[in-house]
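A.B. asks: Let me begin by handing over the structure; questions about it come next.
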Amino acid sequence: MILYHYYILWRKRMISVFKPTWMVSSVYSIAPEQLKKQGIKAVFTDLDNTLIAWNNPDGTPELWEWMNALKQAGIPLIVISNNSYKRVKHAVAPLDLPFTSRALKPLGFGIKRAMHRINLTEDEIVMVGDQLITDVVAANRAHVRSILVKPLIESDAWNTRPNRFFEIFIKKQLAHKYPTLRWQEGLND
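Numbering of the sequence shown is given in UniProt numbering, commencing with residue 1 and proceeding in unit increments.
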């Protein structure tokens, strides 16, 4: 009986590692003014299905507009990806963005590495991604805030599909434990 109570306590506590700070419909809805109000000085972002779709490596006009708005506001955008250096370098070349490859998400190492490179603190960074299991967990482990966004397209790479399956159950647990956590159009909704 005591073991069961410890299991329930562990389960309740464990779900919090998947909790994003915000859930925003699209990366393009994250306004620089909202970021600045939160004290955020740099945006770290996942690459695939967050920033660009696998079938549109040059990005959309909305992406270019959003990147320009961040640049105008003086907020650097840095890609944090689990992909190889060669893959990420090729993918971000048209976007001209700095990046950290082989980030080892859900561990926080890649986020910490990038954070130290730009000399900012945990409170000044936000990690944006489309996956709870990798992006949000990595942000929580690195002690930075996170924004979960909806994937840009429905299809995923083969190695992401298992995560999407498990996220169905994780999202149900999050909704149960955090009933006010909901999709928003921006950070201030």
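We put the beta carbon where it would ideally sit given N, CA and C, even for glycine. Computed from a predicted structure; not experimentally measured.
1) What does the alpha-carbon distance come out to for the pair residue 167 and residue 17?
2) Go through the stretch 116-156 residue by residue and report every complete run of the beta strand (DSSP E) that reaches 3 residues or more, in order.
3) Do the CB positions of residue 149 and residue 136 come within less than 8 Å of each other?
4) Considering Cα atoms alone, identify which of 85, 61, 43 and 36 is closest to residue 147.
5) Quick one, are the C-beta atoms of residue 126 and residue 40 less than 8 Å apart?
6) Which term fits residue 182, buried or exposed, when burial requires 16 or more other beta carbons within 10 angstroms of its beta carbon?
7) Let me know the beta strand (DSSP E) ranges lying completely inside the stretch 10-35, each 3 residues or longer, listed in chain order.
8) Which one or two residues does DSSP pair with residue 43 in a beta bridge?
C.D. replies: On the basis of the supplied data:
1) 13 Å
2) 125-129 and 145-149
3) no
4) 43
5) yes
6) exposed
7) 22-24
8) 77 and 126
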